[in-house]
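One structure is given below, encoded as structure tokens.
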Amino acid sequence: MELASPILVFPVSRSAIGLVMSIVFAGGAAVFAQSADPVAEGGDEAAAILGGEVLGTMAAPQVFGVTEAPEIDGVLEEIWQDGTLLADTWRQVDPVEGAVPSQRTEIRLMRDSRNLYVGVRCFDDHPDEIIARAMIRDGNISADDNVLMVLDPKRNLRTGYVFSMNPLGARSDSRLVNGRTDVDWNGQWFGRAAIDEHGWTAEFVIPFRSISIDADSRNWGINFERTIRRNNERVRWTSADRDVSVTSVADAGIVDMFGDIDQGSGFDVRPYGKLTVQEDDGTDVTGAGGVDVFWKITPGLTFVGTVNPDFAETEVDQRIINFSRFSIRFPEKRDFFLEDAGYFNFGGIRSTPLPFYSRRIGLSPQGEPQTILGGVKLTGSIEDVSVGILDTQMDDEVSPAGRNYFAGRALFNVFEQSSIGVIATNGNPLGPESNSLLGTDFNFVTTDLSGGRTLSGNAWFQQTFTGGEEDSDATAMGARISYPNDIVNWRLGWARIGSDYFPALGFVQRTGIHELFGGGRYRWRPDSPLVRTIDLGVGGFMVTDLDLEIESMDLEFEVPKIQFERGDEIYLEYGIQQEVPTQDFLVANQLLVPAGNYTWSRVEAGFETTSKEPVEIGGSAAWSGYYGGSRTTLSGDARWQPAPSLLLATAAQWNDIRLDTGRLETWLVSSRVNFYFTPDVSWENLIQYDTQSGTVGVNSRFRWAFRDGQEVFVVFNQNVEADDLDFTIDTTEFIAKIGWTFSF
Numbered sequence: 207m208e209l210a211s212p213i214l215v216f217p218v219s220r221s222a223i224g225l226v227m228s229i230v231f232a233g234g235a236a237v238f239a240q241s242a243d244p245v246a247e248g249g250d251e252a253a254a255i256l257g258g259e260v261l262g263t264m265a266a267p268q269v270f271g272v273t274e275a276p277e278i279d280g281v282l283e284e285i286w287q288d289g290t291l292l293a294d295t296w297r298q299v300d301p302v303e304g305a306v307p308s309q310r311t312e313i314r315l316m317r318d319s320r321n322l323y324v325g326v327r328c329f330d331d332h333p334d335e336i337i338a339r340a341m342i343r344d345g346n347i348s349a350d351d352n353v354l355m356v357l358d359p360k361r362n363l364r365t366g367y368v369f370s371m372n373p374l375g376a377r378s379d380s381r382l383v384n385g386r387t388d389v390d391w392n393g394q395w396f397g398r399a400a401i402d403e404h405g406w407t408a409e410f411v412i413p414f415r416s417i418s419i420d421a422d423s424r425n426w427g428i429n430f431e432r433t434i435r436r437n438n439e440r441v442r443w444t445s446a447d448r449d450v451s452v453t454s455v456a457d458a459g460i461v462d463m464f465g466d467i468d469q470g471s472g473f474d475v476r477p478y479g480k481l482t483v484q485e486d487d488g489t490d491v492t493g494a495g496g497v498d499v500f501w502k503i504t505p506g507l508t509f510v511g512t513v514n515p516d517f518a519e520t521e522v523d524q525r526i527i528n529f530s531r532f533s534i535r536f537p538e539k540r541d542f543f544l545e546d547a548g549y550f551n552f553g554g555i556r557s558t559p560l561p562f563y564s565r566r567i568g569l570s571p572q573g574e575p576q577t578i579l580g581g582v583k584l585t586g587s588i589e590d591v592s593v594g595i596l597d598t599q600m601d602d603e604v605s606p607a608g609r610n611y612f613a614g615r616a617l618f619n620v621f622e623q624s625s626i627g628v629i630a631t632n633g634n635p636l637g638p639e640s641n642s643l644l645g646t647d648f649n650f651v652t653t654d655l656s657g658g659r660t661l662s663g664n665a666w667f668q669q670t671f672t673g674g675e676e677d678s679d680a681t682a683m684g685a686r687i688s689y690p691n692d693i694v695n696w697r698l699g700w701a702r703i704g705s706d707y708f709p710a711l712g713f714v715q716r717t718g719i720h721e722l723f724g725g726g727r728y729r730w731r732p733d734s735p736l737v738r739t740i741d742l743g744v745g746g747f748m749v750t751d752l753d754l755e756i757e758s759m760d761l762e763f764e765v766p767k768i769q770f771e772r773g774d775e776i777y778l779e780y781g782i783q784q785e786v787p788t789q790d791f792l793v794a795n796q797l798l799v800p801a802g803n804y805t806w807s808r809v810e811a812g813f814e815t816t817s818k819e820p821v822e823i824g825g826s827a828a829w830s831g832y833y834g835g836s837r838t839t840l841s842g843d844a845r846w847q848p849a850p851s852l853l854l855a856t857a858a859q860w861n862d863i864r865l866d867t868g869r870l871e872t873w874l875v876s877s878r879v880n881f882y883f884t885p886d887v888s889w890e891n892l893i894q895y896d897t898q899s900g901t902v903g904v905n906s907r908f909r910w911a912f913r914d915g916q917e918v919f920v921v922f923n924q925n926v927e928a929d930d931l932d933f934t935i936d937t938t939e940f941i942a943k944i945g946w947t948f949s950f
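Just so we're aligned, residue 207 is where the sequence shown starts under my numbering, counting upward by one.
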């Protein structure tokens, strides 16, 4: 049945009497019809959600209740006709903000006591032009046609969930925690999709036991966004404004999730078994096992316990050659630490100084694994307080009692979308001394500025204690304010890090400094069939010591960055950089840079072709001074996906550095050959080589996920020494692992 905007229809059930209301507005009429749901109690008034606002004082639309669940195969069978049909209020976000979409979309909602069911019909006049290549869990489905759903089950305007799917049934998810998107969250949910002569369809099943819920709240925040990739078109169900992110739960619509919710006992047990074959000087065969326990203590609070955790299936780190004089922060990839990691975010800090950096636990500074005997984690919310607690016990030969590492975080909701928080850590994986940290932060967010624009800010303070004593200058503090909107986007921040500040469970690049950072960007949207946006911007930072003597300065101008309607991008940057190293250091552990005061300029140009084509190519070239000499950098990457089942990709970077102390040429090369048999069965292969280590690393992973939480992995790792094309196998490792979740 085709509906014309802005009509909202709630289907009348076969056994119910429909209630029809007609509301006439000046200049037009809108009809709202609501069924009397057979499992609902009471007689709530009909309601419509248009542009994220409730019309009048009417109640939100009720999600249709069923006793028999739909078959989840990607095909919308007849039972979906009884689901709650959301209003046809879709509007474009891009390319023409507020315009009627080029294709129509229908969303229907149903629920029983255990699950929310979402049926999506994406009409398409040219189904043969639908773009769908990704066929792996948590892959880059944003480059395909896709549908994204945002849920705020607590309606607290701060937290929520994002679920998305492409026409091949590839799924992706993330969690929203106090204004930040935790893309590493992996929930247990299910979905299927199918392409037909009318376009494509998708079915989502979101188990209530997989998400945090406020049992006393009937109103859930909800929003949807569809991408029609061949047009680079984004359309949204409500709040279709470029200045409003689809993940802004404060701007979502509302539905009435009436009735009882059954999350089961909330108790899951996930044991694993692993067989490892290692070959170095000889062959070593070992077996291991462990178990994870998940307990949903309340609908909003989750406990996780682990005994002898294992991360053998985790992909190896992407190799990086360090051309700076500071340490590099590698991303966390281990599931136990990634799950609900957003609860430990602090002060809006994304890099340094982080009070808590989970890679300090169970990994040496060189990235070598260390034995974790066990750990516990508690995350979620208690009324208006979000909490995150993590405690792990290490196996340490130096200390028979082992080492214990603790991190605790609490956030208290204030105002409409803001929070005040505290954080504490204890433990020192970097030395024998005791170490602890205390911190507090204020995080402000509003999306209520004129035109729906956003303003955010953070202020924070940290204090570390080493050896049980308070050091003379072991504090760190900072503040940031940003205006992250479409046409005008700016940010400004400041931080001071004391000379004795030492977060043993955190990450900091340098101490004893002041840092001032900021930038801005203006976006022009010309009336052109070729160009979508032109960005002009400036950004940078300045670091001084505590006496305000400059240590580093970097200023970059984007002049300009152009995105074409096809999705291709080109950019040109000009920068000025100053570095004042007080001690000699080695670039890439090889080329000597004497202490001194150096200033140079830099020019970089680059491009990237659209992701909607099977072949995607990017490249850049940079020329600059460098510590009294020169540096030339050429980078390139290519990606070819001739079919959803095969992905070939390669990337390379070449550097030529010339100083008075010598010359250094480096290469960093990686290649991927991935096979995707179904959205749940994949074989991924990564090969990396860099001139500094002189080794080739091979990482091959086969994954078969019967369903979320029930997986088999087969992993092959090999390190090969490469000396002038003379290859010698250094180490070889073969791992087979199975993990299975039992729910009670």
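Each residue gets a CB set at the ideal place from its N, CA and C atoms; glycine is no exception. These figures come from a predicted structure and were not determined experimentally.
Assignment of beta-bridge partners to P413 by DSSP yields N321. Residue burial is scored here from C-beta neighbours: Q298 has at least 16 other C-beta atoms within 10 angstroms and is therefore classed as buried. Between G580 and T653, the CB-CB gap reaches or exceeds 8 angstroms. Runs of the beta strand (DSSP E) spanning 3 or more residues and lying entirely within the region 311-392 occur at 311-317, 321-329, 352-358, 366-371, 377-383, 386-388, in chain order. Classified as exposed, R556 has fewer than 16 neighbouring CB atoms from the shown chains inside 10 Å of its CB. From the listed residues E771, P559, G586, V353, the smallest Cα separation to W501 is found for G586.
With a contact defined as Cβ atoms closer than 8 angstroms, L854 and Y833 miss out at about 38 angstroms.
Secondary structure at V455: helix, using DSSP grouped into helix, strand and coil.
Its Cα nearest to that of L282, the residue D402 stands out among A376, V356, D402. Pairing S678 with D706 gives a Cβ-Cβ distance under 8 angstroms. DSSP, read as helix, strand or coil, puts I285 in helix. DSSP places R565 in the helix class (H, G or I) of the three-state scheme.
When the Cα atoms are used, E775 and F813 turn out to be separated by approximately 5 angstroms. When DSSP states are grouped into helix, strand and coil, A613 belongs to the strand group.
Straight-line spacing of the CA atoms in S888 and W391 works out to 20 angstroms. When rounded, the separation of the alpha-carbon atoms in S625 and R381 is 18 angstroms. The Cβ atoms of R317 and M463 sit closer than 8 angstroms to each other.
If you look at D541, you'll find it isn't in any beta strand (DSSP E); it sits in the alpha helix (DSSP H) that goes 541-544.
One alpha carbon belongs to D590, the other to F618, and they sit about 6 angstroms apart. Per DSSP, H404 has no beta-bridge partner at all. When the five nearest sequence neighbours on each side are left out, the beta carbons in the same chain lying within less than 8 angstroms of the beta carbon of G868 are those of L797, L798, in order along the chain.
The three-state reading of DSSP puts Y895 in strand, counting E and B together. Bounds of any beta strand (DSSP E) do not take in P850, whose DSSP letter is neither H nor E. The residue from G900, G704, Y804 with its alpha-carbon nearest to that of A794 is G900. Residue environment analysis places F950 among the exposed positions, since fewer than 16 neighbouring C-beta atoms fall within 10 angstroms of its C-beta. For K943, the enclosing beta strand (DSSP E) begins and ends at 932-946. Just measuring C-alpha positions, the residue of T839, V902, D914 sitting nearest D932 is V902. Between the C-alpha atoms of V765 and A446 there is a straight-line separation of about 29 angstroms. By the Cβ rule, the region 340-360 counts as touching the region 422-439, because three or more pairs are nearer than 8 angstroms. Its chain contains F562, G594, A613, R615 as the residues whose beta carbon lies nearer than 7 angstroms to that of F550, once the 5 sequence neighbours on both sides are disregarded; these appear in chain order. Note on geometry: alpha-carbon atoms of G673 and G712 lie some 16 angstroms from one another.
The shortest C-alpha to C-alpha distance from Y611 to any of E574, W696, S378, G568 is the one to G568. Rounded to the nearest whole angstrom, the CA to CA distance from F912 to Q484 is 28 angstroms. Contact between D330 and I337 does not hold, since their C-beta atoms are separated by about 11 angstroms, which reaches or exceeds 8 angstroms.
The residues K539, E890, L892, N905, R907, in chain order, have a CB closer than 8 angstroms to that of E521 in the same chain once the five nearest residues on each side in sequence are set aside. Of the candidates D914, F552, P559, D546, D546 places its Cα closest to the Cα of V582.
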